[in-house]
Amino acid sequence: MQKINLLDKNSNVAILLAGIIALIIGVGVARFVFTSLLPPMLENYLTISFAGVLASINYVGYLAGSIFAVFIKDINAKVKFFRLGMFLAVLTTLILGVTTSETMWIISRVLAGFGAAMALVVGSAIVMNKLNIQNKTKAMGIHFSGIGFSILVSDVIVRIVFHFNGTWQFAWVVLALFAFVLSFYSMYILSYDKEVKQNSVKHHIDKSLFSPFVIILIMAYFCEGVGMVVQGTFLPDIINSLKGLEGFGSFTWTLVGLAGIPSCIVWMMLAHKYGSVNIIILAMFLQVIGIMISALTNNVYLNLFSGVLYGGTFVGLVALFMNLGGKLAGNNPVMLMGALTTAYGIGQVTAPLYSVALIEHFKTYDYALYLTALIVFGGIVLLLLTKIFKLKGE
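Just so you know, we're using this note's numbering here: the sequence shown kicks off at 520 and counts up by one.
#1: Span of the alpha helix (DSSP H) holding Val733?
#2: By the 10 Å Cβ neighbour count, where 16 or more other Cβ atoms means buried, how is Asp593 classified, buried or exposed?
#3: Quick check on Gly768: buried or exposed, where buried means 16 or more other Cβ atoms within 10 Å of its Cβ?
#4: Is the distance from the Cβ of Ile878 to the Cβ of Ile567 below 7 Å?
#5: Less than 7 Å between the beta carbons of Val895 and Met747, yes or no?
#6: Between the beta-carbon of Ile808 and the beta-carbon of Leu902, is there less than 7 Å?
#7: Rounded to the nearest angstrom, how far is the Cβ of Lys599 from that of Ala644, given a contact under 8 Å?
#8: Suppose you measure from the CA of Val692 to the CA of Ala658; what does that come to, to the nearest Å?
#9: In or out: Val843 buried (at least 16 other Cβ within 10 Å) or exposed?
#10: By the three-class DSSP mapping on this structure, what secondary structure does Met715 have?
#11: Within the continuous alpha helix (DSSP H) that includes Leu847, where are the two ends?
#12: Take Val775 and list the residues in its own chain whose beta-carbon comes closer than 6 Å to its own, dropping the five residues that flank it on each side.
#13: Could you give the C-beta distance for Leu866 and Cys742, rounded to a whole number, given that I count them as a contact under 8 Å?
#14: Nearest to Ser705 by alpha carbon, out of Val641, Asn651, Ile652, Thr860?
#15: Would you decide whether Phe703 is buried or exposed? Buried here means 16 or more other CB atoms lie within 10 Å of its CB.
#16: Restricting to Cα atoms, I'd like to know which of Leu582, Val546, Gln653 is closest to Asn531.
#17: Determine the closest residue to Leu701 out of Leu893, Thr860, Ala608, with distance taken between C-alpha atoms.
#18: One question on the structure: do Gly779 and Val834 come within less than 7 Å of each other, judged by their Cβ atoms?
#19: I'd like the list of long-range same chain contacts for Ile680, defined as Cβ closer than 7 Å, with 5 residues on each side in sequence excluded.
#20: Quick one: using the 10 Å Cβ neighbour count with 16 as the cut-off for buried, is Lys649 buried or exposed?
#21: Out of Phe824, Val548, Ala631, which has the shortest C-alpha to C-alpha gap to Leu777?
#22: Mind checking which residues open and close the alpha helix (DSSP H) that includes Ile614?
#23: DSSP on Lys528, reduced to helix/strand/coil?
#24: Using the Cα positions of Ala892 and Leu815, report the straight-line distance between them to the nearest angstrom.
#25: Taking buried to mean at least 16 other C-beta atoms within 10 Å of its own C-beta, is Asn524 buried or exposed?
#26: Is the beta carbon of Asn817 less than 7 Å from the beta carbon of Leu761?
#27: Give me, in chain order, the residues of the same chain whose beta-carbon lies closer than 7 Å to that of Ser719; leave out the 5 immediate sequence neighbours on both sides.
#28: Less than 8 Å between the CB atoms is what I'm expecting for Asp687 and Leu556, so what's the real figure, rounded?
#29: Consult DSSP for Val720 and reduce its assignment to one of helix, strand or coil.
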């Protein structure tokens with residue numbers, strides 16, 4: 520049996536591990552742990568409207584970073600920006616623990632979003648480039664399971680801090696230290712010993728790429744961007760606000776992470792067997808059910824299940840849309856990946872803002888959940904239209 524060397528930059532296992540750690544830092548610590556810490560921060564610092572603004576501008580930073588990432592062609596430049604993303608993830612997390620200046624928080628959430636994009640979009644590109652495997656789709660399914668791990672690991676750290684009576688400020692500091700230590704491994708493995716020579720490839724906009732099917736796919740991914748955010752920002756507080764479910768919010772969020780870990784691999788296997796569009800429709804439909812549960816019932820088991828449905832769908836849907844976009848684009852995935860990511864990002868920026876307006880007006884999360892479910896259902900209808908009119912997809 521071949522011995523695995525986790526310090527070998529060319530070992531596939533080390534590359535996947537470094538990629539997953541990068542997602543834990545860039546996506547978990549820099550983005551999703553904000554959701555874990557939202558209930559205690561709402562108790563003695565944040566208002567719900569400011570929390571919504573912070574969530575939205577975090578996604579503005581992520582959207583800007585995702586679009587910027589599309590134009591980083593050189594692999595050596597990718598490595599540099601990936602390292603910048605790791606640095607920003609650590610620094611912006613530390614800021615939230617050591618200051619309560621609203622201006623500093625706003626700046627740090629924008630930069631954290633940009634850092635998250637460098638970790639997810641650029642980091643994933645480096646992982647894909649470095650992997651020495653025939654079938655990279657399955658390997659990337661393993662890599663994207665890091666999004667589930669990012670929620671779970673960051674949430675467990677928060678739980679440990681609170682177990683020892685730590686404050687939310689202290690939790691941010693501990694998370695920053697954790698990210699700082701682990702970032703060195705990812706930055707070491709996801710790099711090259713010497714500058715990589717690349718053939719310069721010019722990317723032209725292929726107008727024929729944006730067929731009616733692709734335009735509908737982009738619109739559906741916008742709807743999914745909206746569907747991902749409302750629970751991704753407020754889920755623990757949504758659960759805690761339900762009668763009889765006070766305190767169950769953090770446990771539900773843990774289930775989101777657990778469900779997210781295997782979801783990419785499972786959904787990708789199903790897409791391979793039954794077709795990407797069919798499986799995207801199924802996953803979005805399950806997501807609608809999950810969103811509606813908290814608005815319709817305060818049954819503890821159903822609400823815990825809503826966390827499983829959320830984690831089990833949103834991570835997989837990112838992989839499904841991106842994989843389908845990559846297949847449709849053929850040799851020129853940059854433009855289509857960029858268009859998809861932009862649509863998703865606009866959905867992410869929009870959703871917390873309308874959610875906060877509805878929450879403040881009606882003093883309940885219900886109407887924000889109804890509207891979100893309706894928008895995701897709109898995405899399903901769009902994809903069903905491609906079936907009815909037999910538009911070319913997969």
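A virtual CB, placed ideally from N, CA and C, is assigned to each residue, including glycine. Please read all numbers here as calculations on a predicted model, not as lab measurements.
Inspection of the coordinates gives the following:
#1: 731-759
#2: exposed
#3: Label assigned to Gly768: buried.
#4: yes
#5: no
#6: In this structure, Ile808 lies away from Leu902, with their beta-carbon atoms at least 7 Å apart.
#7: Actually they do not touch by this definition, with Cβ atoms about 13 Å apart.
#8: 33 Å
#9: Sequence check: residue 843 is Leu here, not Val. Classification of Leu843: buried, given that the 10 Å Cβ count is 16 or more.
#10: Note that residue 715 is Val in the sequence shown, not Met. Looking at Val715 - three-state DSSP - the assignment turns out to be coil, as it is neither helix nor strand.
#11: Per DSSP, Leu847 belongs to the alpha helix (DSSP H) from 819-848.
#12: Closer than 6 Å at the Cβ level, and outside the excluded window around Val775, lie Ile670, Gly826, Tyr829, Gly830.
#13: The amino acid at residue 866 is misidentified as Leu; the sequence shows Gly. That belief holds up - the Cβ atoms of Gly866 and Cys742 are roughly 7 Å apart, short of 8 Å.
#14: Val641
#15: exposed
#16: Gln653
#17: Ala608
#18: yes
#19: Residue identity differs from the one stated: residue 680 is Val in this sequence, not Ile. So the list reads Phe689, Ala690, Val693, once near-sequence residues are dropped.
#20: With at least 16 other beta carbons inside 10 angstroms of its own, Lys649 counts as buried.
#21: Phe824
#22: 594-617
#23: coil
#24: 12 Å
#25: exposed
#26: Annotated as proximal: Asn817 and Leu761, with beta-carbon spacing under 7 Å.
#27: At Ser719 the pLDDT is 47, less than 50, meaning the model places this residue with poor confidence; the figure from the coordinates comes in the next sentence. Nothing meets the Cβ criterion.
#28: First, the residue type needs correcting, since residue 687 is Trp and not Asp in the sequence shown. With 8 Å as the limit, Trp687 and Leu556 qualify as a contact, their Cβ atoms being about 5 Å apart.
#29: Only weak support is given to the placement of Val720: the predicted model assigns it a pLDDT of 46, under 50, and the value that follows is read from those uncertain coordinates. Three-state DSSP puts Val720 in coil, outside helix and strand.
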